[in-house]
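**Q** This is the structure I have questions about; it appears just below.
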Amino acid sequence: MKYSIVFFFLLSILGVSCVSHKEQIVDLPNPTSLLADSITTPPVLLSVTRLFIVHDMLVAYEQRKDTLFSFWKLPECQYLFNAGVKGQGPNDFLILDRNFVESKEGFKVFELPSNRVKELKIDSSGTFKLISEQRLKVNQMPLNRFLFLADSSYCFLSQDDKYEYTLLDKKQDTHQFSDYPFDLLKKDKGDDNNFVYNKLTVSKPDGEMFASFYVYIKMMRIYNRHGEMLNEIVLEHANSSLDNEEKITYYPYPPCADNKYIYVLTKQEEEPILEVWTWNGELVERYSLDKKISNFVVSNKYHTLYAVNKDIEDKIYVYKLPL
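The number in the numbering used here is simply the position in the sequence shown, starting from 1, with 4 added.
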């Protein structure tokens with residue numbers, strides 16, 4: 005069986021009164037089946053909130069634990085140490101957004117209750133130190149779906165129901181952008197658009213672009229760091245309509261990305277399907293995974309997907325990606 009998708013390429017930037025669309029139908033092959041290798045670990049992976057990779061280490065962020073991060077050496081997934089204490093002290097952490105970005109000496113996090121960006125120094129010997137923090141000057145809390153973009157700018161969901169996102173630039177000025185894809189889902193009176201059109205976002209590591217995947221629609225959008233939409237892609241066999249009383253989840257888990265590809269899991273009845281997209285909006289591959297997984301990250305260096313299942317605390321699943 006083959007599926008088709010419809011590509012809508014926005015040929016002019018936002019702010020131009022007339023926007024052109026180019027429609028293209030693309031046939032997609034059946035997904036390639038992949039089998040996982042299982043690595044047995046100490047039983048420390050309890051309710052992983054997010055997996056990410058920094059400086060050749062796999063990192064598990066576990067929001068419910070008192071010690072928030074555990075570190076594993078790649079590619080063999082050898083357990084190294086855990087660090088990062090939950091609390092309100094000067095070196096502690098409140099609830100963090102699920103997007104993390106690698107920095108020169110470690111990685112950056114965003115603390116939701118305080119609107120603070122924090123940078124951490126980290127290495128494989130166990131060094132874990134807060135080296136800088138900045139409180140963002142914006143009158144909005146929380147900043148949901150927070151993304152790090154280039155040139156000291158950030159993006160998050162807008163509280164203005166007319167727009168999807170807010171861009172906070174390096175001068176700490178805010179700009180609202182992106183209209184909602186109206187009339188694709190049933191909306192009851194009183195429902196906010198950001199609830200109806202729930203989405204998961206990921207930024208390109210160089211911060212020049214970001215992508216959004218709509219949870220209840222087979223649809224994604226790609227923007228540049230200025231908030232200009234570059235691509236809007238809709239799967240033709242969408243499982244949502246205005247007549248549906250029950251929302252069907254299609255993209256259940258946060259995507260991850262490198263500077264070449266975007267990786268996102270779709271929810272299927274039999275097995276999860278991993279979609280691989282380019283930053284030009286091309287769906288280049290689909291992989292059928294043999295394990296139920298709830299969190300994953302991809303190493304471009306090792307061409308490997310690392311994943312966990314929320315109900316299994318002593319296994320890391322490893323898939324080699326033939327990209």
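Built from N, CA and C at the ideal position, the CB exists for glycine as well.
In terms of residues, what are the limits of the beta strand (DSSP E) holding residue 200?
**A** First-last for residue 200: 197-200, but that is the alpha helix (DSSP H), not the beta strand (DSSP E).
**Q** Would you tell me roughly how many angstroms separate the C-alpha atoms of residue 308 and residue 65, rounded to the nearest one?
**A** 19 Å
**Q** May I ask you to report which of helix, strand or coil DSSP gives residue 180?
**A** It is a strand residue.
**Q** Measuring only the C-alpha atoms, how far is residue 304 from residue 322?
**A** 13 Å
**Q** Compare the beta carbon distance of residue 290 and residue 279 with 7 Å and say whether it is the shorter of the two.
**A** yes
**Q** Rounded to whole angstroms, what's the CA-CA distance from residue 190 to residue 220? Just pull it up for me.
**A** 11 Å
**Q** Name, in chain order, the residues that DSSP records as bridge partners for residue 215.
**A** 206, 226
**Q** Report the rounded CA-to-CA distance for residue 318 versus residue 177, giving the unit in angstroms.
**A** Going from the Cα of residue 318 to the Cα of residue 177 covers about 45 Å.
**Q** Run the CB neighbour count on residue 208, radius 10 Å, all protein chains shown included, and call it buried at 16 or more, exposed below.
**A** Residue 208 should be labelled buried.
**Q** On the three-state DSSP scale, how would you describe residue 27?
**A** Low per-residue confidence applies at residue 27: pLDDT is 37, beneath 50, and the placement is therefore not dependable, though the value from the model is reported in the following sentence. If DSSP states are grouped into helix, strand and coil, residue 27 belongs with the strands.
**Q** Using 10 angstroms around the beta-carbon of residue 155, count the other beta-carbons present and answer buried if the total reaches 16, otherwise exposed.
**A** exposed
**Q** Taking all protein chains shown into account, do 16 or more other C-beta atoms lie within 10 angstroms of the C-beta of residue 42, making it buried, or fewer, making it exposed?
**A** exposed
**Q** Is residue 301 closer than 7 Å to residue 56 when the C-beta atoms are compared?
**A** It is a contact, given that the beta carbons lie within the stated cut-off.
**Q** For the beta strand (DSSP E) containing residue 61, list its first residue and its last residue.
**A** 61-65
**Q** Would you mind sorting residue 170 into buried or exposed? The rule is 16 or more other CB atoms within 10 Å of its CB.
**A** buried
**Q** Out of 299, 110, 94, which one is the CA nearest neighbour of residue 256?
**A** 299
**Q** Check this for me: beta carbons of residue 62 and residue 293, under 7 Å apart or not?
**A** no
**Q** For residue 288 and residue 140, I'd like the C-alpha separation in whole angstroms.
**A** 37 Å
**Q** Tell me which same chain residues have a C-beta within less than 8 Å of the C-beta of residue 223, skipping the five on either side of it?
**A** 185, 188, 217, 236, 237, 238, 239, 242
**Q** I need the DSSP call for residue 175, collapsed to helix, strand or coil.
**A** coil
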